[in-house]
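Counting with the UniProt record's numbering, you get residues 1 to 259 for the letters of the sequence shown. Just so you know, even glycine gets a beta-carbon here, dropped at the ideal spot from N, CA and C.
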Amino acid sequence: MAANPRPTRKRPTEEAGSGRGMAFTLSQRAYAARVVEIVAPIVPALARALQPRTEVVLHDLTRMPNTIAAIAGAITGREVGGPPTDLGLRTFRSDRPEDMINYRTETAEGLVLRSSSMFFRTPSGVPVACLCVNSDVHDLQRAKEVLEALTAFNGAAGASVAEAPVETFPATVDDLADGIIRQAIEDVGVPLHLMKKSHKVEVVRDLDQRGFFAIREAVDVIAQRLGVSRYTIYNYLNEISSDAETGQAADATRPPKSP
Numbered sequence: 001m002a003a004n005p006r007p008t009r010k011r012p013t014e015e016a017g018s019g020r021g022m023a024f025t026l027s028q029r030a031y032a033a034r035v036v037e038i039v040a041p042i043v044p045a046l047a048r049a050l051q052p053r054t055e056v057v058l059h060d061l062t063r064m065p066n067t068i069a070a071i072a073g074a075i076t077g078r079e080v081g082g083p084p085t086d087l088g089l090r091t092f093r094s095d096r097p098e099d100m101i102n103y104r105t106e107t108a109e110g111l112v113l114r115s116s117s118m119f120f121r122t123p124s125g126v127p128v129a130c131l132c133v134n135s136d137v138h139d140l141q142r143a144k145e146v147l148e149a150l151t152a153f154n155g156a157a158g159a160s161v162a163e164a165p166v167e168t169f170p171a172t173v174d175d176l177a178d179g180i181i182r183q184a185i186e187d188v189g190v191p192l193h194l195m196k197k198s199h200k201v202e203v204v205r206d207l208d209q210r211g212f213f214a215i216r217e218a219v220d221v222i223a224q225r226l227g228v229s230r231y232t233i234y235n236y237l238n239e240i241s242s243d244a245e246t247g248q249a250a251d252a253t254r255p256p257k258s259p
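Below you can see the structure in the form of structure tokens.
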């Protein structure tokens with residue numbers, strides 16, 4: 001009797017520079033190259049014009065994860081060929097990311113930044129590049145706190161500054177991957193050696209939402225960290241995709257609520 005054939009497994013695209021939701025056509029890559037050709041030369045001038053303490057970064061999204069095509073006014077210690085931040089990776093993963101202007105973030109070292117991220121899109125609306133401006137406002141923030149304390153009434157002087165998301169600025173792709181994995185494992189809240197399958201699936205789900213699988217060899221890296229095979233990670237991803245499709249189908253068939 002012939003042996004039963006082994007079940008086939010769907011695998012995410014492993015083309016260098018593309019990942020889940022991040023594949024680009026040749027024309028889109030050419031458009032991104034043209035944007036970089038035009039914008040990269042003015043990045044140093046922008047950084048000087050926006051001084052003091054402003055960093056300008058141009059990302060080519062078609063070269064994920066080594067997206068940094070130009071950088072000037074170094075604040076975060078990165079260089080050309082480096083990866084995006086963890087927040088940037090999660091944002092870039094979206095099919096239709098929105099421009100973000102003057103949002104507050106904080107580095108792992110406690111540096112307070114005012115940041116803006118503006119996308120360059122093809123005529124059909126596909127984002128292929130992003131210009132990011134990071135201004136160090138740490139000293140200004142401290143001055144603001146002092147002024148608020150000196151001018152406060154009715155015990156309001158002790159009001160704390162609103163919390164900001166901590167954004168990491170990795171120098172290498174390995175640093176980016178390690179930081180994202182560490183955050184995903186911490187969010188699950190179970191030590192690696194005590195994790196069951198459900199915990200590991202949640203780690204992979206979190207990583208997928210963060211855009212982790214746009215990084216080359218991401219499947220092998222997380223498989224090693226979780227102590228499973230790369231095929232198990234593919235199965236987890238297929239399971240996650242199936243859950244998402246089932247949820248969308250359920251939403252589509254659910255009757256509308258009465259007014």
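Is DSSP giving residue i helix, strand or coil here?
i, result
"SER242", "helix"
"ALA69", "strand"
"LEU50", "coil"
"VAL203", "helix"
"ILE185", "helix"
"THR62", "helix"
"GLU217", "coil"
"THR172", "coil"
"ARG230", "helix"
"VAL190", "coil"
"VAL57", "strand"
"THR91", "helix"
"ARG104", "strand"
Tell me which same chain residues have a C-beta within less than 7 Å of the C-beta of residue i, skipping the five on either side of it?
i, result
"ARG225", "ILE181"
"ASP99", "SER117, MET118 and PHE119"
"ARG114", "ASN102, ARG104, SER135 and VAL137"
"VAL133", "LEU50, THR54, VAL56, SER115 and SER116"
"SER241", "none"
"SER229", "ALA223"
What is the residue span of the alpha helix (DSSP H) that residue i lies within?
i, result
"ASP95", "No alpha helix (DSSP H) holds ASP95; DSSP gives it neither H nor E."
"VAL112", "Counting along the chain, VAL112 falls outside any alpha helix (DSSP H), though it belongs to the beta strand (DSSP E) covering 112 to 121."
"VAL128", "It is not in any alpha helix (DSSP H) - VAL128 instead sits in the beta strand (DSSP E) that spans 127 to 136."
"GLU37", "26 to 39"
Please work out which residues of its chain come closer than 6 Å, Cβ to Cβ, to residue i, disregarding the five sequence neighbours upstream and downstream, and give them in chain order.
i, result
"VAL204", "TYR236"
"ARG121", "PRO127"
"LEU207", "ALA184"
"LEU89", "GLY211"
"CYS130", "HIS59, SER117 and PHE119"
"residue 260", "This structure gives no information on residue 260, because the portion of the chain shown stretches from 1 to 259."
"VAL35", "PHE120 and ALA129"
"ALA70", "ALA40, VAL43 and LEU58"
Got a sec? Which residues, its chain only, sit under 8 Å from residue i by beta carbon, not counting five neighbours each side?
i, result
"ILE233", "VAL204, VAL219, ILE222, ALA223 and LEU226"
"THR172", "GLY82 and PRO83"
>> Does the contact criterion of 3 or more C-beta pairs under 8 Å hold for the stretch 214 to 229 versus the stretch 169 to 187?
In response: The answer is yes - the stretch 169 to 187 touches the stretch 214 to 229, with three or more Cβ pairs under 8 Å.
>> Does the contact criterion of 3 or more C-beta pairs under 8 Å hold for the stretch 50 to 57 versus the stretch 22 to 34?
In response: no
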